[in-house]
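Residue numbers (our numbering): 25 to 261. This report refers to the structure that appears directly beneath it.
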Amino acid sequence: MGFSVFEVLAEFRVEDGIVMPVDGVYSVYVNGSYVSSLVMSPCYVSEAVIGFLVGSGVVGSLSDIIGVSIGDGNVDVSCKGPVRPVRLYVDDCVGFIESGGFVKSRVRVDRGLVEGVVSDFMSRLDRFHGVQATGLYDLSSNNAVIAFDVSRFMSIAKALGYALTRGFSLDKSIAVASGRVSGDLVSMIARLGIPILVGFKSILYSGFKYSILLGVTLILYRGGELRILSYPERIST
25 MGFSVFEVLA EFRVEDGIVM PVDGVYSVYV NGSYVSSLVM SPCYVSEAVI GFLVGSGVVG
85 SLSDIIGVSI GDGNVDVSCK GPVRPVRLYV DDCVGFIESG GFVKSRVRVD RGLVEGVVSD
145 FMSRLDRFHG VQATGLYDLS SNNAVIAFDV SRFMSIAKAL GYALTRGFSL DKSIAVASGR
205 VSGDLVSMIA RLGIPILVGF KSILYSGFKY SILLGVTLIL YRGGELRILS YPERIST
């Protein structure tokens, strides 16, 4: 199965011949109230904020977001419906996300297709250094997005925001993460109904535990092999 892949790229600058990823801090306000400060690459900020707000449960769904306005270090979001009054600071190491809903997807995916997704994702990583990446592969439309960012957390937020605003069928999608898989990442995946997550570098115990609690098929790719850690019934051999 061939995918049409869009890459959400990070921003880089060159100083003294050294290529450096650019990062910035954005304060997010929803209906005038401060919600969070997010560290990310200064591009696709709107998608990142949308993915963060929906994925973390600050707002209920994409349809609750009326508009996003980006200023100098500030992002103002207008929403309808209830807004969860939390204050979160999220960077590459810090992130607490309330548990999402249980994933009830009955999708079944051939193991070879998962291996093909992993191969495509890996082929795109070596061009960039100092950034993390998250891929979302929609099995129903064959569309995919790979988001690169200085933060593993914001790479998933950007991928989710892009997918939400482009009509991806997330309940029929595979997520792939280059960074460590922690509980907050699994929670975001689960909240949006994504049934399968593949991790590369490492899986934290919180990530494994949340995958069990929230119904996510968690797969570790290591040494050229896929190891299915939870809900193996979604993967056919």
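Beta carbons: idealized from backbone N, C-alpha and C, even for Gly.
query, result
"Would you tell me roughly how many angstroms separate the C-alpha atoms of residue 214 and residue 28, rounded to the nearest one?", "24 Å"
"Would you call residue 158 buried or exposed, if buried means 16 or more other Cβ atoms sit within 10 Å of its Cβ?", "buried"
"Count the other CB atoms, across all protein chains shown, that sit within 10 Å of the CB of residue 50; report buried if there are 16 or more and exposed otherwise.", "buried"
"Would you kindly work out how many angstroms separate the C-alpha atoms of residue 242 and residue 194, rounded to a whole number?", "16 Å"
"What is the rounded straight-line gap between the Cα of residue 197 and the Cα of residue 164?", "8 Å"
"Quick check on DSSP: helix, strand or coil for residue 256?", "helix"
"Would you call residue 257 buried or exposed, if buried means 16 or more other Cβ atoms sit within 10 Å of its Cβ?", "exposed"
"Based on the DSSP output, what are the partners of residue 44 in its beta bridges?", "37"
"Can you confirm whether the stretch 172 to 190 touches the stretch 143 to 161 when touching is taken to mean that 3 or more C-beta pairs between the two stretches lie within less than 8 Å?", "yes"
"Can you tell me where the alpha helix (DSSP H) with residue 145 in it begins and where it stops?", "135 to 146"
"Would you identify the three-state DSSP class for residue 223, choosing helix, strand or coil?", "strand"
"Write down the C-beta distance between residue 250 and residue 138 rounded to the nearest angstrom, noting that I regard them as a contact closer than 8 Å.", "6 Å"
"Given this structure, state the Cα-to-Cα distance separating residue 248 from residue 209, to the nearest angstrom.", "23 Å"
"In the DSSP assignment, find the unbroken beta strand (DSSP E) run with residue 91 in it and report its ends.", "89 to 94"
"Specify the secondary structure class of residue 197 as computed by DSSP and reduced to three states.", "strand"
"Going by DSSP, name the residue or residues bridged to residue 186.", "For residue 186, which the question treats as bridged, DSSP gives no partner whatsoever."
"Any heavy atom of the ligand SAH closer than 7 Å to the Cβ of residue 232?", "Among the components of this structure there are no ligands whatsoever, and the ligand SAH is therefore not found."
"If contacts are defined as beta-carbon pairs under 8 Å, then residue 253 and residue 232 qualify, I think. What distance do you get, rounded to the angstrom?", "6 Å"
"Secondary structure at residue 218, three-state DSSP: helix, strand or coil?", "coil"
"Figure out for me which residue from 235, 79, 227 and 236 has the closest Cα to the Cα of residue 246.", "227"
"Where do the ends of the alpha helix (DSSP H) carrying residue 237 lie?", "229 to 238"
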